[in-house]
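A short write-up of the structure that comes next.
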Amino acid sequence: MDIFLQQVINGLVQGAIYAMVALGYTMVYGIMGLINFAHGEVVMIGTLVTITVVTFLLKAGFPVWLAGGMGIVAAASVCMVLGWSLERVAYRPLRGAPRLTPLITAIGMSIVLQNLAMMIWGRNYMTFPSLIEKTQFEIGGAAFTNVQVLIVLVAGLSMGGLLLLVYRTKLGMAMRATAQNPGVAGLMGVNANRVISSAFVIGSVLGALAGVMVGVYYEIAHYQMGFMLGLKAFTAAVLGGIGNLAGAMAGGILLGLIEALGAGYIGDLTGGFLGSHYQDIFAFVVLIFVLMFRPSGLFGEKTGDRA
Amino acid sequence: MSAKGEVLLQAQAVAKHFGGVKALRDVSLTIRRGEVYGLIGPNGAGKTTFFNCMTGLYVPDGGSFIFDGAPLKADAPDQVADRGIARTFQNIRLFGNMTALDNVMVGRHVRTQAGIFGAIFRGRAARAEEAAIRRRAEELLHYVGVEDRADDLAKNLSYGDQRRLEIARALATEPKLLCLDEPAAGMNGTETEALRLLIDGIRADGVTILLIEHDVKLVMGLCDRVAVLDYGALLIEDVPSIVQHDPRVIEAYIGVAA
Amino acid sequence: MRTWFNTLTPRTIFGLTLITVALLALPFVAALGGQAWVRIVNFAILYVFLALGLNIVVGFAGLLDLGYIAFYAVGAYLWALLASPHFGLHLPFWVILPLGAIVACFFGILLGAPTLKLRGDYLAIVTLGFGEIVRIFMNNLNAPINITNGPQGITLIDPVAIGNFKFSTGSTVFGIDISGPQKYYYLLLVLVLAVIAINVRLQHSRIGRAWQAIREDEIAAKAIGINTRNMKLLAFAMGASFGGVAGGIFAAMQGFVSPESFSLIESVMILAMVVLGGMGHIPGVILGAILLTVLPEALRYAVVPVQKALFGAVLADPESLRMLIFGLALVLVMRFKPAGLWPSPDRRRELAEKAR
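Residue numbers (this note's numbering), protein chains in the order written: chain B, 1 to 307; chain X, 1 to 258; chain E, 1 to 356.
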């Protein structure tokens, strides 16, 4: 029982991070049908920027809360600019190009960002400066830390904020309209460029926050960390039904839970044949099974082909 | 060959709804071999939905189709085509980036068999089949009158030529029943007249035709029998002279226009 | 029919002769720069092979496959397991290569059968997941039973050999000294010419037309009687078996396989070759594969000297600078040649029309 609860807690935290990153994928996909492969790298850069800024400020004698806060602001700003420029420079010129063209561009940008990061931050693992003193709590035989609580809380708040933005503001309405039908939205006076830019910027801010969370949680970072994280998050977005905000959140949490529980129980399930290093396959196995039975993801709309 | 006049297609209480909207309410009708059968009705009456159910693109929520003596499988458009039902689409669905000739050649797919090994090794049989496919496709292009556009990409053809090309592609599957979804839509008088001659010719070749059409004059002039759909329900199924004067039809369809 | 025979003007005969001589002489020219360059040329051909295999899936049938490398991995591991001291098996190549094609084909069907009804991008992510699953299994199937030897990979794999004629070592044929890599070159050349021929013939066949129809409009394709599911499966299986054969050659040529060679980025690279070259257009795909293999290698040699010449010192890590330039090249080509460097004439026309 305690293993179960423990894995649920771990899964929730990991899932919250996946959900934050998945939102960036799903927003861009929902509005322009593009898999922004470079989004994982944006998250990675968010983490690395935070490390640099916080380490520098702490050395300069700033108090921890201020250093941390400025680190987050710096990460968010850098990622915003990065996300905005990505769209502006790389993707915008490709509207109307064959379907796979922007995908290759996204892959190219992912390679560029990763190697740029390596040139700036080097190829070694970096330690994330400790911002919060970890305290451990126990509940029903399972342990959790204040950091974990904080991650889930911040993720919940950001996602709530995003939903408010999308469903309660004019910008949000424009975004939803563009996702439904860019042509008609344009006729109604929605500026598609602005909407798309906003999606990239908002997604990048969420990605930056996720990057900080990853840093605080695992206390370690690396220029290649964005790739697998991005891949998993994208999987989560598809799992929930890509283009659907609530789906991305649910998909993220679900993926985190599946991975944690899978890793905890796979040894018992297979009689010791498969160990916990198979953790990474759960995401994909579950994805394949879900899509076999629900081809548009768990919460995706059923889009029947029009005859 | 079976005798003219016997039943080719029988729709039995076909029903289809989308959410709460009942697009088809237990529609039953009978198409006989060799006739031109018209299906008319106001916009949104369910004509295209009926087509889509019959050709396997939609799964009906009730009822069934008996075609040529055996039930049609739902949800299997390719098998429906194999059984001998070919169709065109209201909003023309050609393979735009393929040439006109290739569009018709691909229509021969269901009546030919060359597989992967035939394609790779090009044995005698495969070569002969390929030549036959090409020959037949060229004949059909000629038949519908777009032979001089054979090597142009389908999307570059004029609207009328695209309609004709789509008919040629459908004919390439050697259908027993050819279903035309508003073939005259957007055509001018000359084009419509040419289309009428084409349909007449196809009928003369022994193909049964199911025609959805808005152009009442065309329908009444061409069709042996006509069915009228309104709000997804069948109003009447009879010869044009009777349908034309049926008060329900006048009210639902012709009357609206008057 | 056979009109091509009549079109053989002296000019085309001259051209063909020139190409033949160039292809035959290439490994000896490359060897002037060292055997390493012969190996690079070999890899270029191997990637042409792979790219053409993927072209069947992506270019012809329009199915976005991001896990293509999995089939390459299957072929490579099959060869490694059946012709190395790992299990003490040493089967000859004419058994393993067809077997590799069949097993990879089986994996293709295994993946394709349940997933091919998915829409484009969903299919992409599922194939991507499949590729990762295969790689993770290869990484971990060393315990409790050691099948793949885990991350260490399998070494001492048998080379391709016909009787006592081994492709791994040099020998003298008709008085000409020919190295191992050069032998593989000719083997690869024969294989890749066969693959090109198969691609061309498939494209202009009943099957190829059906694939193109599916790519253009799946609903209409169904309505004229194409069993789209089977046709897609066929494309998947064909592509997979090409990957399997290429993987086998890779294992034999390298003498070593490990899961590292089959990461997602490899799938992505092969896809990039297809798209960058010109999807569905065979000459374009070949060009894409050659460029994307040779460019990073050429950069490897250029990056350090150029930096020294410009700044007098090596400022940026050469490996990452090389990849950075490579990534930028992808972005720039897509920006200015959205349909690829050498698209099919139809595609070019289409874009020109759009631009108007």
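Ideal placement from N, C-alpha and C gives every residue a C-beta, glycine not left out.
{"Query": "Taking all protein chains shown into account, decide if A194(E) is buried (16 or more other Cβ within 10 angstroms of its Cβ) or exposed.", "Result": "exposed"}
{"Query": "S261(E) versus chain X: which residues are under 8 angstroms apart at the beta carbon?", "Result": "Per Cβ cutoff of 8 angstroms: no residues; S261(E) is ~29 angstroms from chain X at best."}
{"Query": "Quick check on this structure: which residue in T192(X), R163(X), G232(X) and D82(X) has the alpha carbon closest to the alpha carbon of L222(X)?", "Result": "T192(X)"}
{"Query": "Using a threshold of 7 angstroms, state whether the C-beta atoms of A80(E) and I154(E) are closer than that.", "Result": "yes"}
{"Query": "Do the CB positions of A124(E) and L66(E) come within less than 7 angstroms of each other?", "Result": "yes"}
{"Query": "Answer yes or no: does any C-beta atom of chain X fall closer than 7 angstroms to that of N55(E)?", "Result": "no"}
{"Query": "Closer than 7 angstroms, CB to CB, is A355(E) near chain B or not?", "Result": "Low confidence applies to A355(E): its pLDDT is 47, below 50, so where it sits in the model is not reliable enough to give any reading."}
{"Query": "Identify which residue in H86(E), L64(E) and Y186(E) has its Cα closest to the Cα of A272(E).", "Result": "L64(E)"}
{"Query": "Leaving out five residues on either side along the sequence, give the residues of the same chain with a beta carbon under 6 angstroms from the beta carbon of L321(E).", "Result": "V303"}
{"Query": "Is the shortest distance between the beta-carbon of I31(B) and the beta-carbons of chain E less than 7 angstroms?", "Result": "no"}
{"Query": "For T55(X) and Y25(B), I'd like the C-alpha separation in whole angstroms.", "Result": "38 angstroms"}
{"Query": "Look up T172(E) in the DSSP assignment and give the residues it is bridged to.", "Result": "D177(E)"}
{"Query": "Is it the case that the Cβ atoms of Y29(B) and I288(B) are separated by a distance below 7 angstroms?", "Result": "no"}
{"Query": "Give a yes or no on whether 7 angstroms exceeds the smallest Cβ distance from A106(B) to chain E.", "Result": "no"}
{"Query": "Which residues of chain E have a Cβ atom closer than 9 angstroms to the Cβ of A194(X), listed in chain order?", "Result": "Near A194(X) there are no residues of chain E at all, since even the closest Cβ is about 23 angstroms away, more than 9 angstroms."}
{"Query": "Using 7 angstroms as the threshold, is the C-beta distance between L330(E) and I35(B) below it?", "Result": "no"}
{"Query": "So is L202(E) in contact with chain X if we call contact Cβ pairs under 7 angstroms?", "Result": "yes"}
{"Query": "Mapping DSSP to helix, strand and coil, what is E6(X)?", "Result": "coil"}
{"Query": "Looking at C-alpha atoms only, which residue of E6(X), I120(X) and G38(X) is the closest neighbour of L180(X)?", "Result": "G38(X)"}
{"Query": "Can you pull the chain E residues whose beta carbon is under 8 angstroms from the beta carbon of L57(X), in chain order?", "Result": "I219, K222 and A223"}
{"Query": "What are the partner residues of S64(X), as DSSP defines its beta bridges?", "Result": "Q12(X)"}
{"Query": "Roughly how many angstroms separate the alpha carbons of A246(E) and S344(E), rounded to a whole number?", "Result": "25 angstroms"}
{"Query": "With a cut-off of 8 angstroms on the beta carbons, I'd call L82(B) and I51(B) a contact; round off their distance for me.", "Result": "Contact flag wrong, Cβ pair sits at about 16 angstroms."}
{"Query": "By the criterion of Cβ-Cβ separation under 8 angstroms, what are the contact partners of I116(X) in chain E?", "Result": "L202, I207, L234 and M238"}
{"Query": "Using CA coordinates, which residue listed in L128(E), V134(E), K222(E) and P181(E) is at the minimum distance from L231(B)?", "Result": "L128(E)"}
{"Query": "What does a CB cutoff of less than 7 angstroms around A258(X) pick up in its chain, not counting 5 residues either side in sequence?", "Result": "Interpretation of A258(X) is limited by its pLDDT of 41, a score under 50 that renders its predicted location unreliable; the figure taken from the coordinates is listed afterwards. Correct list: empty, nothing qualifies."}
{"Query": "Decide if E166(X) is buried, meaning its Cβ has at least 16 other Cβ atoms within 10 Å, or exposed.", "Result": "buried"}
{"Query": "Judging by CA-CA distance, which residue of G300(B), G189(B) and A260(B) is the nearest neighbour of Q6(B)?", "Result": "A260(B)"}
{"Query": "Can you find a CB in chain B that lies within less than 7 angstroms of the CB of S258(E)?", "Result": "no"}
{"Query": "Measuring only between beta-carbons, confirm whether N199(E) sits less than 7 angstroms from chain X.", "Result": "no"}
{"Query": "In chain E, which residues lie less than 8 angstroms from V110(X) when you measure between Cβ atoms?", "Result": "I224, G225 and I226"}
{"Query": "Given this structure, state the Cα-to-Cα distance separating A236(B) from E147(X), to the nearest angstrom.", "Result": "52 angstroms"}
{"Query": "Please list the residues of the segment 60-86 of chain E that have a C-beta atom closer than 8 angstroms to any C-beta atom in chain B, keeping them in chain order.", "Result": "L64"}
{"Query": "Within the 7 angstroms Cβ cut-off, does T17(E) reach chain X?", "Result": "no"}
{"Query": "Which residue from L291(B), M225(B), V238(B) and G183(B) puts its Cα closest to that of T47(B)?", "Result": "M225(B)"}
{"Query": "Any Cβ of chain X within less than 7 angstroms of the Cβ of A213(E)?", "Result": "yes"}
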